Amino acid sequence: MGAAIAEFKRSGIAEADVSAIVAAAGVAHGTFFFHFPTKEHVLLELEHREEQRIAKELGRFAASQRGLSSTLKEAVRLVVGLERRLGALLFKDFLALHFSQTRPVDESKEHPVIVLVAQEIERAQVAGDADPEVNPLNSAVFFLLGLYALLTTTHNWPAQDVMLEDYVTRTLRSIGAR
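For the sequence shown, this note's numbering begins at 2 and goes up steadily by one.
This is the structure we're talking about:
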């Protein structure tokens, strides 16, 4: 896994060389494909790991009950921080996987960041700070997919920070947050 991630950081997933990965890992070519049928499966595993990590950090933040606006801003901060850790090339491939027609079937059905954002929307509804008609799970999915799309398409734009701030504001408005 580590050797594959290093190669993806260097070349991107499309140009990554499986021979270089197995050589760096010191395993046979077939061993790679035993664990990962395609390079996209490595990316999917990385996604699961990173989502767990982000969910853990976001959960700690949300537990302090700072409010929905702060929690959404923290979610943005954590996802943007992922770019620093993965590097720009791998980060873009990581986000693009969400929109890929070749994305492997995700059997896990676990998306803890979506669940946490949905719980925060529900908490705001209970407090009377969000429209009770809003579907929290749908809104959480829309928020995160929109965030990934923005980050994929606005990479290195000078106004990306302003756009992300506006995106959070408009998301809050769309769910009737007060």
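Ideal placement from N, C-alpha and C gives every residue a C-beta, glycine not left out. Values in this document were obtained by computation on a predicted structure and should not be read as measured data.
> Under a three-way DSSP split, which group does SER65 fall into?
Replying inline: Start at 1 with the first residue of the sequence shown, and residue 65 comes out as number 64. Correct three-state label for SER65: coil.
>> Please report the straight-line C-alpha distance between GLN66 and PRO38, rounded to a whole angstrom.
In response: In the sequence shown, residue 66 corresponds to position 65, counting from 1. In the sequence shown, residue 38 corresponds to position 37, counting from 1. Taking the straight line joining both Cα atoms gives about 42 Å.
> Given that a residue counts as buried once 16 or more other Cβ atoms are within 10 Å of its Cβ, and exposed if not, what is VAL127?
Replying inline: Counted from its first residue, the sequence shown places residue 127 at position 126. Per the 10 Å Cβ criterion, exposed.
> Distance, Cα to Cα, LEU47 vs ILE6?
Replying inline: Here residue 47 corresponds to residue number 46 of the sequence shown, with the count starting at 1. Here residue 6 corresponds to residue number 5 of the sequence shown, with the count starting at 1. Rounded to the nearest angstrom, the two C-alpha atoms are 8 Å apart.
> Comparing alpha-carbon positions, which option in VAL43, ARG124, SER71 lies nearest VAL187?
Replying inline: As shown, the chain starts at 2 and ends at 179. That puts residue 187 outside it, with no answer to give.
> With respect to the alpha helix (DSSP H) encompassing ALA141, which residues constitute its N-terminal and C-terminal limits?
Replying inline: Indexing the sequence shown from 1 puts residue 141 at position 140. Its alpha helix (DSSP H) spans residues 137-154.
> DSSP on ALA24, reduced to helix/strand/coil?
Replying inline: On the sequence shown, residue 24 is found 23 positions in, with the first residue counted as 1. Helix, per DSSP.
> Does the beta-carbon distance from GLN161 to PRO113 come in below 8 Å?
Replying inline: On the sequence shown, position 160 is the one that residue 161 refers to. On the sequence shown, position 112 is the one that residue 113 refers to. Contact annotation: GLN161 and PRO113 have beta-carbon atoms that are not nearer than 8 Å.
> Given that a residue counts as buried once 16 or more other Cβ atoms are within 10 Å of its Cβ, and exposed if not, what is LEU175?
Replying inline: What you label residue 175 is simply residue 174 of the sequence shown in a count that begins at 1. Per the sequence presented here, residue 175 reads as Ser, with Leu not at that position. Counting of Cβ neighbours within 10 angstroms places SER175 among the exposed residues, the total staying below 16.
> Taking the continuous alpha helix (DSSP H) assigned at PHE1, which residues delimit it?
Replying inline: Because the chain in this structure spans residues 2 to 179, residue 1 falls outside the shown range and cannot be described.
> Which residue spans inside the segment 4-50 form an unbroken alpha helix (DSSP H) run of at least 4?
Replying inline: 19-26, 30-36
> Cα-Cα, which of GLU41, LEU165, ARG50 is closest to GLN102?
Replying inline: The residue given as residue 102 occupies position 101 in the sequence shown. Nearest option by C-alpha distance: GLU41.
>> Could you check whether LEU59 and ASP130 sit closer than 8 Å to each other, using their CB atoms as the reference points?
In response: Locating residue 130 in the sequence shown gives position 129, counting from the first residue. Locating residue 59 in the sequence shown gives position 58, counting from the first residue. At a Cβ-Cβ threshold of 8 Å, ASP130 and LEU59 do not count as neighbours.
> Relative to the alpha-carbon of ASP94, which residue among ILE14, HIS49, GLU8 has its alpha-carbon at the smallest distance?
Replying inline: As a working note, residue 94 is residue 93 in the sequence shown. Of ILE14, HIS49, GLU8, the residue nearest in Cα terms is ILE14.
>> Please list the terminal residues of the continuous alpha helix (DSSP H) segment that includes ASP167.
In response: Sequence index remark: in the sequence shown, residue 167 carries index 166 (1-based). Where ASP167 is concerned, the enclosing alpha helix (DSSP H) stretches over 161-175.
>> Whole angstroms are fine: how far does the CA of ARG50 sit from the CA of GLU166?
In response: Reading the sequence shown from its first residue, position 165 is the one you call residue 166. Reading the sequence shown from its first residue, position 49 is the one you call residue 50. Their Cα atoms are separated by approximately 26 Å.
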